[in-house]
Amino acid sequence: MHQAYILDTTMLLQNPFNSNIAKQFSNYNGFDGSTLVNISTKVCPKTQEVHETFRNFILSEGFSCILGKAAVKRNAYRFGLYANMNDDGTLQGVAHDLYNFVVERPTFGDKFSTFVACFQQPQIENEQHFETTMWKFLYRLQQLDQQYHTYDPAVSSNPEDNDYAYSFGRCAFFIVGLHPKSSRSTRKFAYPTIVFNPHVQFRNLKETQKFSKYQKIIRQREFKLQGSINPNLAEFGEASEAKQYSGRHVEKNWVCPFHAKKIDKS
């Protein structure tokens with residue numbers, strides 16, 4: 050059995066997103082090798098159910114990303130199930146839990162780790178609906194974060210730049226959207242989901258010349274599964290990654306609906 054990364058609650062006491070409503074909607078869980086564990090409350094049955102569905106999906110042959118598989122196999126991830134992506138309570142709950150992950154992430158060492166936020170609502174109508182809903186949520190989340198943190202200085206806040214990445218808690222993330230209406234099998238999951246992958250992990254892979262190896266394996270697996278690779282995929286750092294976040298095959302003239310400003314709090 051792989052190492053179980055147990056939650057250290059003493060690390061999470063200085064969370065700025067600690068309002069009563071944030072704590073009410075918080076659902077921050079880790080997998081101990083046999084079941085989910087929560088930092089403050091008993092994990093509800095629905096969260097257990099959706100987590101099991103998610104874990105089975107990632108570990109199935111139908112999921113192409115071997116880095117995501119590695120995080121799940123090694124229990125190096127945190128998972129939360131939330132109500133509606135459009136609700137303020139959900140937004141604050143995710144902010145609370147994502148910040149916990151930012152603080153806790155270094156304890157995973159050099160293992161690939163990730164934070165997974167699944168949502169019970171809204172019912173996704175099509176790929177465009179998910180893309181719009183996802184970016185609206187990410188925008189609101191980033192606006193909330195700007196009250197406390199500057200943008201990660203290692204990346205650009207402009208989605209048109211090649212070095213763009215999403216930022217929260219002064220930590221850059223590569224976003225992966227999953228939902229039931231996706232045309233890509235590796236992105237087709239029963240619940241609308243946003244996966245937050247720390248950007249530093251990809252930079253480390255590139256610096257150690259391992260990124261190309263993993264990228265080649267992932268693309269080979271995706272081609273085998275679907276007969277093609279996602280046409281939005283680009284070389285890391287050579288085009289804006291924003292086009293890849295929702296998983297939809299975006300138009301050539303696509304403009305990201307999200308724009309953030311770097312705020313100097315010094």
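Residue numbers (the working numbering): 50 to 315. Even glycine gets a Cβ: it sits at the ideal position worked out from N, Cα and C.
**Prompt:** Hey, how far is the Cα of Leu130 from the Cα of Asn76?
**Reply:** Taking the straight line from one Cα to the other gives about 6 Å.
**Request:** For the stretch 151-159 and the stretch 103-117, state whether three or more C-beta atom pairs, one from each stretch, are separated by less than 8 Å.
**Result:** no
**Item:** Spatial distance of Asp39 from Phe157 (CA atoms)
**Value:** In the structure displayed, the chain extends from 50 to 315; residue 39 sits before or after that span and is not available.
**Prompt:** What does a CB cutoff of less than 7 Å around Ser289 pick up in its chain, not counting 5 residues either side in sequence?
**Reply:** Pro208, Glu209, Asp210, Asn211, Tyr213
**Asked** Among Asn149, Val121, Phe164, Gln170, which has the Cα closest to the Cα of Thr139?
**Response** Gln170
**Boundaries of the alpha helix (DSSP H) in which Phe150 is found, first to last residue** = 137-153
**Asked** If Ala239 and Leu190 are in contact, beta carbons under 8 Å, what's the gap, nearest whole angstrom?
**Response** Contact doesn't hold; Cβ gap of about 23 Å is too wide.
**Message:** Please report the straight-line C-alpha distance between Val86 and Ile107, rounded to a whole angstrom.
**Reply:** In a straight line, the C-alpha of Val86 is about 19 Å away from that of Ile107.
**Message:** 8 Å is my cut-off, CB to CB: does Asp146 come that close to chain C?
**Reply:** Among the chains of the structure shown, chain C does not appear; only one protein chain is present.
**Prompt:** If you draw a straight line from the alpha carbon of Leu147 to that of Glu300, how long is it in whole angstroms?
**Reply:** Rounded to whole angstroms, the gap between the alpha carbons of Leu147 and Glu300 is 31 Å.
**Beta-carbon proximity list for Arg252, same chain, < 8 Å, skipping 5 on both sides** = Ala203
**Asked** Based on Cα-Cα distance, which residue from Asn78, Gln172, Asn135, Arg127 lies nearest to Lys91?
**Response** When only C-alpha atoms are compared, the closest one is Asn78.
**Request:** Quick one: residues in its chain with C-beta nearer than 7 Å to the C-beta of Phe179, no 5 flanking neighbours on either side, listed in chain order?
**Result:** Ile173, Gly226, His228, Lys230, Pro241, Ser295
**Message:** On the criterion of 16 or more Cβ atoms from any shown chain inside 10 Å, does Gln141 qualify as buried, or is it exposed?
**Reply:** buried
**Prompt:** What does Gly226 pair with, by DSSP beta-bridge criteria?
**Reply:** In the DSSP assignment, Gly226 is bridged to Ile243.
**Request:** Please state whether DSSP places Pro306 in a helix, a strand or coil.
**Result:** coil
**According to DSSP, residues forming a beta bridge with Thr163** = The partner list for Thr163 (beta bridge, DSSP) reads Tyr126.
**Item:** Proximal residues to Phe112 (C-beta, below 7 Å), its chain only, five neighbours per side dropped
**Value:** If we look at Phe112 and ignore the five residues flanking it on each side, its Cβ neighbours are Phe106, Lys118, Thr235.
**Closest Cα partner of Gln250 within the set Lys160, Asn67, Lys72, Val244** = With distances taken between CA atoms, Gln250 lies nearest to Lys160 out of Lys160, Asn67, Lys72, Val244.
**Item:** Whole runs of the alpha helix (DSSP H) within the stretch 162-237, excluding any shorter than 4 residues
**Value:** 176-194
**Prompt:** So what does DSSP say about Asn105, is it helix, strand or coil?
**Reply:** helix
**Message:** Using DSSP's beta-bridge definition, name the partner residues of Gly29.
**Reply:** Residue 29 lies beyond the range of the chain shown here (50 to 315); nothing can be said about it.
**Request:** Look at Val244 and Thr181 and say whether their C-beta atoms are less than 8 Å apart.
**Result:** no
**Message:** Using C-beta distances below 8 Å, list every residue in its chain close to Met50, excluding the 5 sequence neighbours before and after it, in chain order.
**Reply:** Low confidence applies here, because Met50 scores a pLDDT of 41, under 50, leaving its location unreliable; read the following figure in that light. Closer than 8 Å at the Cβ level, and outside the excluded window around Met50, lie Gly82.
**Prompt:** With a Cβ-Cβ cutoff of 8 Å, do Phe128 and Phe168 count as a contact?
**Reply:** no
**Prompt:** Using DSSP with H/G/I as helix, E/B as strand and the rest coil, what is Lys314?
**Reply:** Confidence in Lys314 is poor, its pLDDT being 43 and thus under 50, which makes the residue's placement unreliable; the coordinate value appears in the next sentence. Coil, per DSSP.
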